[in-house]
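Chemist: Numbering (the working numbering), first residue to last: 404 to 1034.
All C-beta atoms in this analysis are idealised placements derived from N, C-alpha and C, irrespective of residue type, glycine included.
What follows is a structure written as structure tokens; I'll ask about it next.
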């Protein structure tokens, strides 16, 4: 806590020099009189303030954590209102509010409601909401067009109706050729599943919890003939056309959770899955039983580790064999960790051989064979709908944005800032260039460390850049998200984020999709100078590009910044450069850029591809919403 107490109204008394000399190097002094005229900027983060007289001290802009200094046995030193002057009343009120306020634990601070592929008996408290979005990714496939491998995209929402009843909804999407050949071919497979679900707690004591959960899913399967489809092929249908089929699947489970201690839990989840015995005249998974087990360990307030395994048995099977189109039982496993950026946002990383992410499809092995390792990543978000969750794990209050901090909420010309928008804030940017590029991006701050984004781009350079390099000839549209791990403005050595975006070209078919990832790092060496380091990569079916963005943002005046950026591209392509001048007024939160660049665009892939010449362009910026406040 930065105690912003002013100098005191009463005349300052002289301090005992010996006592002051004792306190400063040791941060300890019993029955000391430190009522000196000025203790401004003194570090109280580890100070023992018991019985110390601060009644006439000027504590303005102290850098210490007074909340640590006044903890437990030291509380009396500050609790006495006579110890501080009336000019410190605001700080004292904040301290009292901080000590009295009790935050409710968010779902990310509670034991997990599910592991990666295993339902647990834990569930959300009444009124709590948990959202998730993620992807499972294989390595590049062994088919002729390996591309970026196979991906399963998924999302989920869970809601605590009461303390005993939880409702949920999950959805997933898969659209790729099979990873391995089936009957010597690589048939196309599309799976879409929508899964409403429930979980009801039937028993709970201090250690043991038991629940019942179930799901009924609308399952749409589209395959080329010969793969989950043995019906005769009409003459009007091409052999490479996918044939769709929609039906209902479901599952029923009885999860049991035993708490060894508050941090470690064991889980056992028996259940049954229902699939059709045949689809389009071909055999399918049928009905099979499942026995799942797992362990969860909350190692700290930020780190948790999970592992689970599922064994199927019965007349059906949870795995498809590519050699002979038969079905068999396969042990499914997953192992990974969760890292919480704050009580409302967490990231999960894991490995698994399971296919889906809905209650019924997560019991299937990856199609075909179930031998491939999939790497999964899930973003969890728990909005505060009046529950009163803490906004951060930090012990000190958040430092409000300075004017310079507000300027650095904006991205560079082709590089991304490591900052994230404050909650409920929006950032809008639009612009264009003489080379034919145009862009529009909208970002929204969900929490202090998470923002959601939408981008629309038309890349330039069509006369010198192939459509393969530019990700297709049409307009690119797609969502993205950025999560922040370190924040220099709150005391970290630098700011560090991770950003992921998926965009699709909406030009002529086949429409190309591109996955983009970057790790923006920003270091402010002084209030005027900020350095950008931005490792980034773009992946699509035709080409991968990897580069390292290097940039500088220098405030030449209160509202004017010079921006220079250079990105060497390590995949044999031309390097990208940009140079521009930015005007941004933190009072009105409006600004504009004028720049020159050889990049074909500004967002995602556009900042990794250079055209043969250079172009000039402009951007307009607008920050708005309730979270934008300056110091």
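(1) Taking the beta strand (DSSP E) that residue 929 falls in, what are its first and last residues?
(2) Around the C-beta of residue 610, are 16 or more other C-beta atoms found within 10 angstroms, so that it is buried, or is it exposed?
(3) Alpha carbon to alpha carbon, how far is residue 929 from residue 715?
(4) Does the segment 970-989 come close enough to the segment 852-859 to have 3 or more Cβ pairs within less than 8 Å?
(5) Please determine, among 572, 826 and 646, the residue with the shortest C-alpha to C-alpha distance to residue 590.
(6) Exposed or buried, what is residue 664 when buried is set at 16 or more other beta-carbons lying within 10 Å of its beta-carbon?
(7) Whose CA, out of 982, 1010 and 947, lies closest to the CA of residue 543?
(8) Looking only at its chain, what residues have a beta carbon closer than 7 Å to the beta carbon of residue 889, apart from the 5 residues adjacent to it on each side?
(9) Using CA atoms only, rank isn't needed, just tell me which of 619, 556 and 632 is closest to residue 585.
(10) Taking only the alpha-carbon atoms, compute the straight-line gap between residue 986 and residue 528 and give it to the nearest angstrom.
(11) Roughly how many angstroms separate the alpha carbons of residue 1035 and residue 809, rounded to a whole number?
(12) So, residue 812 versus residue 822, is the Cβ gap smaller than 8 Å?
(13) If you reduce the DSSP assignment to three classes, tell me which class residue 756 lands in.
(14) Unbroken beta strand (DSSP E) runs of length 3 or more, entirely within the segment 982-1024: which are they?
(15) Please classify residue 462 as buried or exposed, where buried requires at least 16 other C-beta atoms within 10 Å of its C-beta.
(16) Please state if the CB of residue 616 and the CB of residue 766 are separated by a distance shorter than 8 Å.
(17) Are the beta-carbon atoms belonging to residue 848 and residue 882 less than 8 Å from one another?
(18) Could you tell me whether the segment 665-675 touches the segment 689-705, using the rule of 3 or more Cβ pairs below 8 Å?
(19) In terms of residue numbering, what span does the alpha helix (DSSP H) encompassing residue 810 cover?
(20) For residue 680, is the classification buried or exposed, using 16 other Cβ atoms within 10 angstroms of its Cβ as the cut-off for buried?
(21) Relative to the C-alpha of residue 629, which candidate in 685, 761 and 567 has its C-alpha closest?
(22) Decide if residue 1015 is buried, meaning its Cβ has at least 16 other Cβ atoms within 10 Å, or exposed.
(23) I'd like to know if the segment 993-1008 and the segment 837-845 are in contact, where contact means that at least 3 CB-CB pairs between them fall below 8 Å.
(24) Which residues does DSSP pair with residue 704 in a beta bridge?
(25) Please determine, among 870, 879, 871 and 869, the residue with the shortest C-alpha to C-alpha distance to residue 861.
(26) Under 7 Å Cβ to Cβ from residue 962, same chain only, skipping five residues before and after it: list those, please.
(27) Can you tell me where the beta strand (DSSP E) with residue 402 in it begins and where it stops?
(28) Please give the ranges of any beta strand (DSSP E) in the segment 638-671, keeping only runs that are unbroken, at least 3 residues long and fully inside the region.
(29) Select from 625, 671, 711 and 994 the residue whose C-alpha is nearest the C-alpha of residue 682.
(30) Per DSSP, what kind of secondary structure is residue 629 in: helix, strand or coil?
(31) In this structure, how does DSSP classify residue 892 when only helix, strand and coil are distinguished?
Modeler: Taking the coordinates as given:
(1) 924-929
(2) exposed
(3) 60 Å
(4) no
(5) 646
(6) exposed
(7) 947
(8) 895, 897, 898 and 899
(9) 632
(10) 48 Å
(11) There is no way to answer for residue 1035, as the model of the chain reaches only from 404 to 1034.
(12) yes
(13) coil
(14) 993-1002
(15) Note that residue 462 scores a pLDDT of 48, beneath 50, so its modelled location is shaky and nothing firm can be said.
(16) no
(17) no
(18) yes
(19) 806-810
(20) exposed
(21) 685
(22) exposed
(23) yes
(24) Paired residue(s): none; residue 704 is not in a bridge.
(25) 879
(26) 986, 987 and 988
(27) No information on residue 402 is available, as it lies outside the stretch 404 to 1034 that the chain covers here.
(28) 646-656 and 659-662
(29) 625
(30) coil
(31) helix
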